[in-house]
Amino acid sequence: MPVDDQYILALFSKEKTKEQAFKLLMDKYKEVIYFAIRRVVFSHEDANDITQNVLLKIWRYLDKFRGDSSLKTWIIKICVNESLTFIEKKKKMLNLFDDSYADYMVTSVAEDKYFSADKIQQLLQKAIMLLPEKQKIVFTLRYYDEMPYEEMSKVLNTSVGALKASYHFAVKKVEEFLAKH
Amino acid sequence: MDNLEKYRDENAFQLPNGYFEKMQDEVFQKIHYHQKISRRNRFIITFSSLAASILIFIGLFVFLPKNGQPVLVSSLDSVSESKVFQQVNSELNTNKEIVSENESMLSDDNKQIAASESVNSETKNNSKDKVQQFNSLDYDIAESYSEELVYADIAELYSE
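Going down the list, the protein sequences come from chains A and B.
Per our numbering, the first sequence starts with residue 22, numbered consecutively.
Per our numbering, the second sequence starts with residue 8, numbered consecutively.
Below is the structure:
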């Protein structure tokens, strides 16, 4: 049975039970965090690094969580921000622009040992890799996590209408890519 | 959208065995490491702020006025009575004597220089006169010699 967020927060506020609360939080959200990141950055190694950074940030700033949104939304917001920062850093490090970075990611899909060998899955991932970063995040949050647009608008600070349009365009692009290949 | 629904596969992204357990352990190790560092930093900050406040307190005690008179002034008065102060004073007096001796020696030197300059100017004037005399002598000799030559030439002409 999943632990209630309020219970976790109450435990976290006391110094004695802080670690216990964080363990409960990790048990509850580790997969949500990891896969939210993995679907954006694709590589397991990169996702592992970012997941650990996100968890450290949660440990550091959970005291300041005001409860304006749900704990899950707050955590996914951190995941999205960290992933986007990581991608920007990686682009600079590899000296790649948006298009060339997408090509680099597409080639890495076939070589990744922690990704399905299924051809359709590989094609789907390649199509997602070619989407612009924000559109990619909108697509993965909706397609894999089935996140409601209202929650997504809190994560991405974008209007619901703009998110719907963004998702619509992303689906169209992915379908076109799959039809071509 | 229905086309894409059938491709959704949660297991497409694979993981190493026991990944989440290892990852949780690593995160806790990092948290403990950060806690150690922050505790050490907190200790350093507390210690340095304590040291700074002690220094400020000492500074205030030394320099702030005590009974209407600054502490520093009263301590300076006690310095004027001390042996060190007397020693410094005697050193200063001997220095003054040396300076006055040097000044008197300098004035003597200046007088000597002025005297030698007047002698020099006199000798310069004498030598100028001698040169003029010599020049005029030289002219007379040259004139008389040229007259002799002219006479010799005339005598030669007549003899021919």
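Positions of the beta carbon are idealized from the N, C-alpha and C atoms, including for glycine.
Start and end residues, alpha helix (DSSP H) containing residue i
i, result
"residue 168 (chain A)", "Where residue 168 (chain A) is concerned, there is no enclosing alpha helix (DSSP H), given that its DSSP letter is neither H nor E."
"residue 142 (chain A)", "140-150"
"residue 62 (chain A)", "39-62"
"residue 36 (chain B)", "26-70"
"residue 201 (chain A)", "181-201"
"residue 26 (chain A)", "26-33"
"residue 154 (chain A)", "154-164"
Per-residue contacts from residue i into chain A (C-beta, under 7 Å)
i, result
"residue 24 (chain B)", "Here the premise fails: no neighbours, minimum Cβ distance about 11 Å."
9 Å Cβ cut-off: residues of chain A touching residue i
i, result
"residue 32 (chain B)", "By Cβ distance, chain A contributes nothing, its closest Cβ being about 11 Å from residue 32 (chain B), past 9 Å."
"residue 11 (chain B)", "145, 164, 192, 195, 196 and 199"
When the options are compared against residue i, the one with the closest alpha-carbon
i, options, result
"residue 125 (chain A)", "A:161, A:64, A:178 and A:162", "A:64"
"residue 50 (chain A)", "A:190, A:161, A:73 and A:127", "A:73"
"residue 20 (chain B)", "A:114, A:36, A:68 and A:31", "A:68"
"residue 42 (chain A)", "B:143, B:160, B:35 and B:156", "B:35"
"residue 160 (chain A)", "A:81, A:183, A:105 and A:191", "A:191"
"residue 155 (chain A)", "A:167, A:140, A:173 and A:166", "A:173"
"residue 186 (chain A)", "A:170, A:201 and A:147", "A:170"
"residue 193 (chain A)", "A:143, A:122 and A:157", "A:157"
"residue 121 (chain A)", "A:95, A:94 and A:152", "A:152"
"residue 99 (chain A)", "A:89, A:88, A:71 and A:32", "A:71"
"residue 26 (chain A)", "A:91, A:136 and A:103", "A:91"
"residue 94 (chain A)", "A:81, A:139, A:53 and A:143", "A:53"
"residue 58 (chain A)", "A:89, A:107, A:196 and A:78", "A:107"
"residue 26 (chain B)", "A:135, A:196, A:150 and A:123", "A:135"
"residue 80 (chain A)", "A:110, A:162, A:32 and A:184", "A:32"
"residue 61 (chain A)", "A:123, A:196 and A:118", "A:123"
"residue 84 (chain A)", "A:147, A:39, A:175 and A:164", "A:39"
"residue 143 (chain A)", "A:198, A:30 and A:75", "A:198"
"residue 34 (chain A)", "A:200, A:166, A:87 and A:184", "A:87"
"residue 196 (chain A)", "A:146, A:131 and A:112", "A:146"
"residue 101 (chain A)", "A:116, A:113, A:118 and A:78", "A:78"
Residue i Cβ short of 7 Å to the ligand FAD heavy atom set
i, result
"residue 183 (chain A)", "Absence of the ligand FAD is noted for the structure shown, with no ligands found whatsoever."
Neighbouring residues, chain A, relative to residue i (Cβ below 8 Å)
i, result
"residue 18 (chain B)", "137"
"residue 37 (chain B)", "73 and 77"
Contact list for residue i against chain B, beta-carbon separation under 9 Å
i, result
"residue 65 (chain A)", "20, 21, 22, 23 and 26"
"residue 93 (chain A)", "Going along chain B, no residue has its Cβ under 9 Å from residue 93 (chain A), so there is no contact; the nearest lies around 18 Å."
"residue 150 (chain A)", "By Cβ distance, chain B contributes nothing, its closest Cβ being about 13 Å from residue 150 (chain A), past 9 Å."
Cross-chain neighbours of residue i in chain B, by beta carbon under 8 Å
i, result
"residue 142 (chain A)", "14, 16 and 19"
"residue 51 (chain A)", "27, 30 and 31"
"residue 47 (chain A)", "31 and 34"
"residue 240 (chain A)", "With chain A covering 22 to 202 only, the question about residue 240 (chain A) has no answer from this structure."
Amino acids of chain B, ordered along the chain, whose beta-carbon sits closer than 7 Å to that of residue i
i, result
"residue 56 (chain A)", "20"
"residue 69 (chain A)", "30"
query = Hey, which unbroken runs of the alpha helix (DSSP H) at 4 residues or more fall wholly within the segment 81-136 of chain A?
reply = Assignment of alpha helix (DSSP H) within the segment 81-136 of chain A, counting only whole runs of 4 or more residues, yields 92-115 and 119-132 in chain order.
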